[in-house]
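Take a look at the structure below.
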Ligand code: SF4
Ligand code: SF4
């Protein structure tokens with residue numbers, strides 16, 4: 048499973064969904080009462096809260112669990128990012144980190160952009176992870192996303208790692224292909240303790256699933272999404288969908304979204320395929336999901352535009368520090384998109400005790416990151432090297448904020 052960090056195949060926590068199924072976000076509003084008609088029984092003039100003759104407003108749609116706005120929940124980090132300069136990397140720890148426990152996978156997706164990473168060895172021992180979680184929690188990180196590399200639930204370390212992560216006061220999210228959810232080592236009790244789970248379904252039926260992922264699995268993954276959504280006080284449940292020219296039939300997509308909403312999932316996030324131009328979709332999805340989103344469910348199409356630009360829009364990458372990538376071979380990277388490029392090496396190695404910093408803190412505040420910060424401050428470096436990347440939208444926001452000429456006014 049790939050992280051949404053950058054690649055195909057995949058985070059965000061949030062409040063538990065409402066259980067009742069609400070009216071849809073963009074459903075037609077109820078017609079206003081006929082002129083001259085009296086108020087409905089029990090309501091005041093014009094209804095419960097509205098002015099006379101006006102229907103109550105439609106409920107607002109569910110917020111975006113993976114949206115840009117979430118940065119506002121971390122004002123200290125935002126302030127630090129705005130003070131950033133090329134010689135001084137943001138010293139605050141990442142808000143959350145993307146942690147791979149294994150590079151192995153039980154699928155073989157055509158669009159997998161971690162195919163190089165999947166050749167790397169697994170290394171972690173629970174000892175390294177416990178140390179890591181202690182360090183992250185002490186440094187101010189609030190969340191850990193278990194993701195790819197490969198499929199996190201293939202790692203026998205997952206239960207112990209999750210316990211340790213939560214035991215150190217960190218919140219945990221999971222990006223998975225969903226096939227091994229509720230397996231013996233991943234029981235409901237454990238899954239319920241996650242803040243969120245996003246299942247990378249990436250298909251609207253079994254035929255599409257097989258064509259894209261190289262194996263049967265749609266029915267099982269969908270069944271597990273339904274089971275997740277039924278958990279009492281369970282995690283926020285999202286479904287990830289990498290849009291390609293093999294799964295972009297708007298009619299099937301709408302049907303999938305309706306099924307997910309009716310099952311009680313929180314959101315369907317549709318993202319563009321990256322690194323595989325031969326699979327790019329030209330489908331026009333405008334209007335496809337009309338009337339589906341509501342207070343308990345959202346179809347999030349923003350990544351289809353936000354994640355599209357290459358070259359980081361010619362901006363420096365200061366927002367890299369909202370997250371960090373820790374691979375299953377125990378190396379720490381500042382960027383999950385360039386971590387397979389030889390010119391952009393790791394900044395630390397949790398497995399080594401001598402030649403590179405062996406703990407997160409020394410790596411994060413060490414000279415290798417300082418050097419990379421300087422490189423990432425060069426717009427020309429980003430223009431030439433950054434592929435499509437979800438961090439670009441944060442860099443755009445920070446750049447916009449810094450160019451505002453009237454900051455003292457609303
Ligand atoms: S092959 Fe595995 S790691 Fe790659 S996108 Fe598919 S499920 Fe994710
Ligand atoms: S350096 Fe480029 S590719 Fe890496 S996180 Fe920043 S914008 Fe994304």
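Numbering (this note's numbering), first residue to last: 48 to 457. Note that the Cβ used here is the ideal one computed from N, Cα and C, for glycine as well.
So residue i is in the alpha helix (DSSP H); what residue range does that whole segment cover?
i, result
"residue 411", "407 to 411"
"residue 449", "439 to 450"
"residue 214", "205 to 214"
"residue 265", "265 to 277"
"residue 238", "235 to 238"
"residue 186", "173 to 186"
"residue 431", "426 to 432"
"residue 301", "297 to 310"
"residue 126", "122 to 129"
"residue 464", "Outside the displayed range of the chain (48 to 457) lies residue 464, so it cannot be described from this structure."
"residue 257", "253 to 260"
At which residues does the beta strand (DSSP E) containing residue i begin and terminate?
i, result
"residue 422", "Per DSSP, residue 422 belongs to no beta strand (DSSP E); it is in the alpha helix (DSSP H), 414 to 423."
"residue 287", "283 to 290"
"residue 314", "314 to 319"
"residue 219", "218 to 223"
"residue 347", "345 to 347"
"residue 202", "It is not in any beta strand (DSSP E) - residue 202 carries neither H nor E in the DSSP assignment."
"residue 146", "143 to 147"
"residue 164", "Counting along the chain, residue 164 falls outside any beta strand (DSSP E), and DSSP gives it neither H nor E."
"residue 375", "That residue, residue 375, is in no beta strand (DSSP E); it is neither H nor E in DSSP."
"residue 358", "Careful: residue 358 lies outside any beta strand (DSSP E) and carries neither H nor E."
"residue 391", "Premise fails: residue 391 is in no beta strand (DSSP E) and is neither H nor E."
Taking the straight line between their C-alpha atoms, what separation do you get for residue i and residue j?
i, j, result
"residue 253", "residue 348", "23 Å"
"residue 398", "residue 367", "23 Å"
"residue 206", "residue 179", "16 Å"
"residue 392", "residue 374", "12 Å"
"residue 213", "residue 244", "15 Å"
"residue 452", "residue 190", "34 Å"
"residue 411", "residue 187", "13 Å"
"residue 234", "residue 117", "30 Å"
"residue 215", "residue 111", "27 Å"
"residue 458", "residue 295", "What the structure shows of the chain is the stretch from 48 to 457, and residue 458 is not part of that stretch, so it cannot be assessed."
"residue 155", "residue 364", "31 Å"
"residue 448", "residue 346", "28 Å"
"residue 285", "residue 328", "22 Å"
"residue 436", "residue 100", "48 Å"
"residue 236", "residue 201", "18 Å"
"residue 409", "residue 228", "35 Å"
"residue 357", "residue 432", "9 Å"
"residue 138", "residue 125", "12 Å"
"residue 299", "residue 315", "14 Å"
"residue 113", "residue 372", "17 Å"
"residue 394", "residue 297", "43 Å"
"residue 119", "residue 257", "40 Å"
"residue 199", "residue 454", "44 Å"
"residue 219", "residue 142", "12 Å"
"residue 171", "residue 343", "38 Å"
"residue 416", "residue 443", "22 Å"
"residue 107", "residue 338", "12 Å"
"residue 104", "residue 335", "23 Å"
"residue 312", "residue 414", "44 Å"
"residue 293", "residue 319", "12 Å"
"residue 238", "residue 450", "44 Å"
"residue 276", "residue 287", "15 Å"
"residue 177", "residue 251", "39 Å"
"residue 85", "residue 341", "Per-residue confidence for residue 85 stands at a pLDDT of 35, beneath the threshold of 50, marking its modelled position as unreliable; the derived number appears in the next sentence. Approximately 29 Å between the Cα atoms of the pair."
In or out: residue i buried (at least 16 other Cβ within 10 Å) or exposed?
i, result
"residue 135", "exposed"
"residue 325", "exposed"
"residue 255", "buried"
"residue 79", "Because residue 79 sits at a pLDDT of 36, beneath the cut-off of 50, its placement in the model cannot be relied upon, and the following sentence gives the value as read from the coordinates. With fewer than 16 other Cβ atoms within 10 Å, it is exposed."
"residue 174", "exposed"
"residue 418", "exposed"
"residue 440", "buried"
"residue 331", "exposed"
"residue 385", "buried"
"residue 333", "exposed"
"residue 378", "buried"
"residue 76", "In this predicted model, residue 76 has a pLDDT of only 37, less than 50, meaning its place in the structure is not dependable; the value taken from the coordinates is given anyway. So residue 76 counts as exposed."
"residue 194", "buried"
"residue 185", "exposed"
"residue 457", "exposed"
"residue 308", "buried"
"residue 445", "buried"
"residue 123", "exposed"
Per the contact definition of three or more C-beta pairs closer than 8 Å, is the segment 119 to 139 in contact with the segment 148 to 166? no
Touching by the beta-carbon criterion (3+ pairs, under 8 Å), the segment 219 to 233 and the segment 260 to 274: yes
Between the segment 156 to 169 and the segment 417 to 433, are three or more C-beta pairs nearer than 8 Å? no
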